[in-house]
Each structure stands twice: as structure tokens, then as C-alpha cells.
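Student:
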């Protein structure tokens, strides 16, 4: 299954209910490959992705994500980590440059997942230190995002009507 690109964008949704159906290795590899080829500043690729399938570890990660236990329903949980690359984008971002790079790669993951018929949910509510402890993440890395990955229960892929219009978010030549 490969959707047309703009259909992927229009129908991607945050999925919070997953079936237990396993993800075929080829689909998982395609999703991870999308992260691998994501752009990063200076091609530094300051990321590491942890694929969690173990039921106990998924449960503990979900607990470290403010007890959002739906995360552990998915057959796979991906934890995206990054390390400070010492690059100061825009003259003010400092260590946040890594967050930008890893976020681009996570966006690739969620869009590739949708193209493969899989659901995700970008989890930003987590305790960095607890997730690091659960997964033995070295001190020089921090967690940027967590996402469950799996087949949604029920109909999940519909176009949202709750998006701002282009006129509300785009201006030309100068900020207005």
C-alpha cells in the first residue's frame, strides 16, 4: 500500500487506540528508513531511535509518559533520542538545534507510517529521565519524542476539518 503524498498529509491522525496485529518487518523497516534519510543540519544526524517491542518495557515507557497507557497497546513503540551537536542555529537555539533535527526525522516516521497504513501519536508528554532510565539511554542523549506504532482500531484516517485556513497562517513579504 502506498498512498499519494498529499493524501498521506491530509489523512494522518494521532492514533490513541491500536490493534495487537503485528507489524510486518518490511513495513517497520520502511518507517525506520524514512527516519534514516531525514535531513539534518550539516548532515550531523544527531539521533538514535529505540524500537521497543517487549511488553514490560512498553508498559514502563507508557508510565514514564505520564501514564498514557494506550502507548503500550501498540505492537511497537519508537523512542527518538538526540544528542547536543553544539550547533547554534539562528544564533539563539543552542542545544535546541538537536531537537529540530530529531523532530524532522520523527515527522518522517509518522508520515511514512501513514503511507504504510500504520498509526502513530507524537508523544511530547514524558519524563525524560524516567524514559532514559527504563531504556538505558546514555546521559549525553535526551528523549525528543515517543510514538506508538501500529494498526489503528477502527477508522482513524480521515481528513480533519479543524485546521486553520491558509489566510490565517500565511503572510507574504512581511509579517502581518
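Numbering (my numbering), first residue to last: 246 to 421.
C-beta: ideal position from N, C-alpha, C; glycine also.
#1: Throw me the rounded Cβ distance for the residue 340 and residue 334 pair, which I believe falls under 8 Å.
#2: Using a Cβ-Cβ cutoff of less than 6 Å, which residues in the same chain neighbour residue 291 once the five nearest sequence positions on both sides are dropped?
#3: Buried or exposed for residue 419, please, with buried defined as at least 16 other CB atoms from any protein chain shown within 10 angstroms of its CB.
#4: Kindly identify the DSSP beta-bridge partner or partners of residue 397.
#5: Where do the N-terminal and C-terminal ends of the alpha helix (DSSP H) with residue 293 fall, by residue?
#6: Hey, how far is the Cα of residue 288 from the Cα of residue 309?
#7: On the DSSP letters alone, give me the boundaries of the alpha helix (DSSP H) that residue 358 sits inside.
#8: Out of curiosity, what's the CA-to-CA distance linking residue 372 and residue 351?
#9: Any idea what DSSP makes of residue 306, helix, strand or coil?
#10: For residue 274, count neighbouring Cβ atoms within 10 angstroms of its own Cβ and tell me buried if that reaches 16, exposed if not.
#11: Just verifying my parser: in three-state terms, what is the DSSP assignment at residue 252?
#12: If you draw a straight line from the alpha carbon of residue 270 to that of residue 385, how long is it in whole angstroms?
#13: For a test of the three-state rule: what should DSSP assign to residue 435, helix, strand or coil?
#14: Please identify the residue among 381, 353, 379, 338 whose C-alpha is closest to the C-alpha of residue 257.
#15: If you draw a straight line from the C-alpha of residue 332 to the C-alpha of residue 355, how long is it?
#16: Using three-state DSSP, classify residue 323 as helix, strand or coil.
#17: Beta carbon of residue 376, beta carbon of residue 388: below 7 Å?
Tutor: To lay it out plainly:
#1: By one-based count along the chain shown, residue 340 stands at place 95. By one-based count along the chain shown, residue 334 stands at place 89. Actually they are not in contact, since the Cβ atoms of residue 340 and residue 334 sit about 10 Å apart, beyond 8 Å.
#2: The count along the chain shown starts at 1 and reaches residue 291 at position 46. Once the five neighbours on either side are set aside, the close Cβ partners of residue 291 are 327, 328, 330, 343, 346.
#3: Taking the chain shown and counting its residues from 1, the one referred to as residue 419 is at position 174. Exposed.
#4: The residue given as residue 397 occupies position 152 in the chain shown. 263, per the DSSP bridge assignment.
#5: One-based indexing of the chain shown puts residue 293 at position 48. Residue 293 -> not in any alpha helix (DSSP H); beta strand (DSSP E) instead, spanning 292-297.
#6: Translated into positions along the chain shown, residue 288 becomes position 43. Translated into positions along the chain shown, residue 309 becomes position 64. For residue 288 and residue 309, the distance between alpha carbons rounds to 31 Å.
#7: Walking along the chain shown from the start, residue 358 turns up at place 113. 341-360 is the span of the alpha helix (DSSP H), which, as asked, contains residue 358.
#8: Sequence index remark: in the chain shown, residue 372 carries index 127 (1-based). Sequence index remark: in the chain shown, residue 351 carries index 106 (1-based). Using only the alpha carbons, I get a separation of about 18 Å.
#9: For the purposes of this step, residue 306 is taken as residue 61 along the chain shown, with counting starting at 1. Three-state DSSP puts residue 306 in a helix.
#10: On the chain shown, position 29 is the one that residue 274 refers to. Flag for residue 274 reads exposed.
#11: Looking up residue 252 in the chain shown gives position 7. It is helical.
#12: Against the chain shown, residue 270 aligns to sequence position 25. Against the chain shown, residue 385 aligns to sequence position 140. About 30 Å.
#13: A query on residue 435 cannot be resolved here, the shown segment of the chain reaching from 246 to 421 and no further.
#14: Locating residue 257 in the chain shown gives position 12, counting from the first residue. When each option's Cα is compared against that of residue 257, the closest is 353.
#15: In the chain shown, the residue the question calls residue 332 occupies position 87. In the chain shown, the residue the question calls residue 355 occupies position 110. Roughly 26 Å separates the two Cα atoms.
#16: Stepping through the chain shown from its first residue, residue 323 is reached at position 78. In this structure, residue 323 counts as strand in the three-state DSSP scheme.
#17: In the chain shown, residue 376 corresponds to position 131, counting from 1. In the chain shown, residue 388 corresponds to position 143, counting from 1. Cβ distance < 7 Å, so residue 376 and residue 388 count as in contact.
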